[in-house]
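Colleague: Below you will find the structure I want to go over with you.
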Amino acid sequence: MTSSTIRLDAFVANEPKLGRLPNGTPVLDLRLPHTPRRLNELTKQWENVGETTWHSVSLFGDEAELYAPHVGKGTRVVVTGTPELRLWSKDGRHGGEIVVKSASIALKLRPKPNPAAPPADDAWATPTGGQDETPW
């Protein structure tokens, strides 16, 4: 038997929902989009080169409760798990979605700007060499 692993680096597209399975296990459900992109060598701009694929991700147990307060719409995450195709049919329409099973998640944190830090263009903010001690 073979298995595949998928790794997604994306921004959460919905407000995740923390719920419980009938047996009481916590579950955190979220949705991640992926749109293939490439850099246009002529314009130096990124362009979409395909349709957006949507992925449903569920975290279970302690991991669900741990991440629930920290993951919201717009949070950048890295999710790794096993992809599974789930087919659906509703009101005469048919489709499919990729569900990521046995998922693990990591937050991609962005540093907050430090208001106390001097501006980058401040010539006096960075030592340029010379003596570190007062000369007198």
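For the sequence shown, the positions run 9 to 144 when the numbering used here is used. We put the CB at the ideal spot given by N, CA and C, even for glycine.
For L72, name the three-state secondary structure that DSSP assigns.
Modeller: Correcting the residue identity first, residue 72 is Ala in this sequence and not Leu. Looking at A72 - three-state DSSP - the assignment turns out to be helix.
Colleague: What separation, rounded to the nearest whole angstrom, lies between the Cα atoms of L50 and G58?
Modeller: 19 angstroms
Colleague: Tell me, please, whether the region 41–48 touches the region 84–96 by the rule of three or more beta-carbon pairs shorter than 8 angstroms.
Modeller: no
Colleague: Quick one: measure Cβ to Cβ for T60 and P41, integer angstroms, because I've assumed they're closer than 8 angstroms.
Modeller: 5 angstroms
Colleague: Take E23 and list the residues in its own chain whose beta-carbon comes closer than 8 angstroms to its own, dropping the five residues that flank it on each side.
Modeller: G80 and K81, listed in sequence order.
Colleague: Could you tell me the alpha carbon to alpha carbon distance between A116 and P77, rounded to whole angstroms?
Modeller: According to the sequence as given, residue 116 is Lys; it is not Ala. Approximately 15 angstroms, taken between the alpha carbons.
Colleague: Closest to A21 by CA distance: which of G27, V85, D99 and I113 is it?
Modeller: V85
Colleague: Taking the beta strand (DSSP E) that V108 belongs to, which residues open and close that run?
Modeller: Here the beta strand (DSSP E) through V108 covers R101 to L115.
Colleague: Check whether the Cβ atoms of P34 and G69 sit closer than 8 angstroms, and answer yes or no.
Modeller: yes
Colleague: If you run the structure through DSSP and keep just helix, strand and coil, what is V65?
Modeller: Three-state result, V65: strand.
Colleague: Which residue wins for smallest C-alpha separation from E105, given the options A111, S97 and S112?
Modeller: S97
Colleague: Please classify A72: is it buried, with 16 or more other beta-carbons within 10 angstroms of its beta-carbon, or exposed?
Modeller: So A72 ends up on the buried side.
Colleague: Leaving out the 5 sequence neighbours to the left and right, which residues in its chain are closer than 6 angstroms to L26 when beta-carbon positions are compared?
Modeller: L36 and A76
Colleague: Counting only the same chain and skipping the five closest in sequence on each side, list residues whose C-beta sits under 6 angstroms from that of S66.
Modeller: V35 and D37
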